[in-house]
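Enquirer:
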Amino acid sequence: MPAGRTVKKREIAKRVAQELGITATLAGEVIQRFLDEIIRELAQSNRLEFRNFGVFEPRDVKPKLGRNPRTGDVVNIPKKKTVRFKVGKIMKQSLQSLVDREPDSPTL
């Protein structure tokens with residue numbers, strides 16, 4: 000399945016604004032506040048669950064040794080935090096239904 004187009008926050012804000020009968024500016028502000036809250040909770044190592052959509056979980060990545068591909072030198076890669084997203088049931092079903100509607104790829 001080829002990659003779709005990139006949808007930006009502004010476009011989503013316009014759609015939300017139309018559906019709710021509010022200005023795109025207000026919808027954009029609400030969306031930004033929502034995203035800010037997600038970031039704030041993840042920064043505090045909290046797990047966020049949006050039923051049927053998915054779960055955001057902060058994860059610690061241990062430090063490790065890596066190799067500089069240009070020089071071959073061994074380098075220390077420090078520990079870091081990352082976020083894991085587990086897809087929820089309804090999103091998973093929606094994505095699968097898109098795949099199911101595609102014609103089968105030819106086999107060799």
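Residue numbering for the sequence shown follows numbering that gives the first Met the number 0, starting at 0 and increasing by one per position.
Here a beta-carbon is modelled for each residue, glycine too, at the ideal position from N, C-alpha and C.
1. Measure the beta-carbon distance from phenylalanine 55 to phenylalanine 84 and round it to whole angstroms, keeping in mind my assumption that it falls under 8 Å.
2. Please state whether DSSP places aspartate 35 in a helix, a strand or coil.
3. Drop a sphere of 10 angstroms on the beta-carbon of alanine 2, count the other beta-carbons inside from all chains shown, and report buried for 16 or more, exposed for fewer.
4. So lysine 80 packs on lysine 61, CB below 8 Å; how close in whole Å?
5. Which partner residues of glutamate 113 appear in the DSSP bridge assignment?
6. Alanine 42: buried (16+ other C-beta within 10 angstroms of its C-beta) or exposed?
7. DSSP three-state call for arginine 100: helix, strand or coil?
8. First and last residue of the alpha helix (DSSP H) that includes valine 15?
9. Could you check how far apart the C-beta atoms of glutamate 40 and leucine 47 are, in whole angstroms? I think they sit under 8 Å.
Expert: In short, the structure shows the following:
1. 6 Å
2. DSSP places aspartate 35 in the helix class (H, G or I) of the three-state scheme.
3. exposed
4. Incorrect: roughly 11 Å between the Cβ atoms, too far for contact.
5. This structure leaves residue 113 out entirely; the chain is present only between 0 and 107.
6. The residue in question, alanine 42, is exposed, as its Cβ has fewer than 16 Cβ neighbours within 10 Å.
7. helix
8. 8-19
9. Right, the Cβ-Cβ distance comes to about 6 Å (below 8 Å), so this counts as a contact.
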